[in-house]
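Numbering (UniProt numbering), first residue to last: 1 to 162.
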């Protein structure tokens, strides 16, 4: 177990209408200093499909696609004990100030990228944030039961809030 702190900022602006929350950055994401850095994670392919855009490559392209699509992203956890990238190993959580971010935006709905993000939000953030969360299937490569096509279909619910 290693005590780790989230080291990069949320992606949002005051026009953001949808917030997508992960749990905590993977080892690959921490190395790259940006969200969903594992090459097998399907987050960027799913969001690009929903926004009818090319899959972004650089961090700047990713930020631009999200902000142009009115999507904000962040993680539930600011600091925790974790083994590698294992969400199931997460202990001793200090949550991010989700309510503070919501107050700066036009966010209409909060979504969880997977079960663990949903559970952690409900446990540590929901009361303070004052918003329910909608669980989406995880884009993680560990969620191999979900094909890219099934993920895009399930995630298309966010379109009604954009």
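Built from N, CA and C at the ideal position, the CB exists for glycine as well.
Between residue 56 and residue 44 the beta-carbon gap is near 6 Å, inside 8 Å, which marks them as a contact. Within the DSSP secondary-structure output, residue 74 pairs in a beta bridge with 21.
Residue state for residue 63 is assigned as helix, using DSSP reduced to three classes. Each of 70, 88, 80, 34 was checked against the Cα of residue 110, and the nearest Cα belongs to 70.
The residue among 128, 40, 93 with its C-alpha nearest the C-alpha of residue 102 is 128.
Taking 8 Å as the cut-off, the beta carbon of residue 90 is found no closer than this to the beta carbon of residue 5.
The beta carbon of residue 38 sits closer than 6 Å to the beta carbons of 26, 28 from its chain, once the five residues preceding and following it are set aside; these are given in chain order. For residue 3 and residue 94, the gap between their C-alpha atoms comes out near 11 Å. Cα atoms of residue 77 and residue 96: separation of roughly 5 Å, rounded to the nearest angstrom. Taking the C-beta atoms as reference points, residue 67 is found nearer than 8 Å to residue 11. Distance between residue 100 and residue 82, taken at the CA atoms: about 25 Å. Beta-bridge analysis with DSSP links residue 51 to no other residue.
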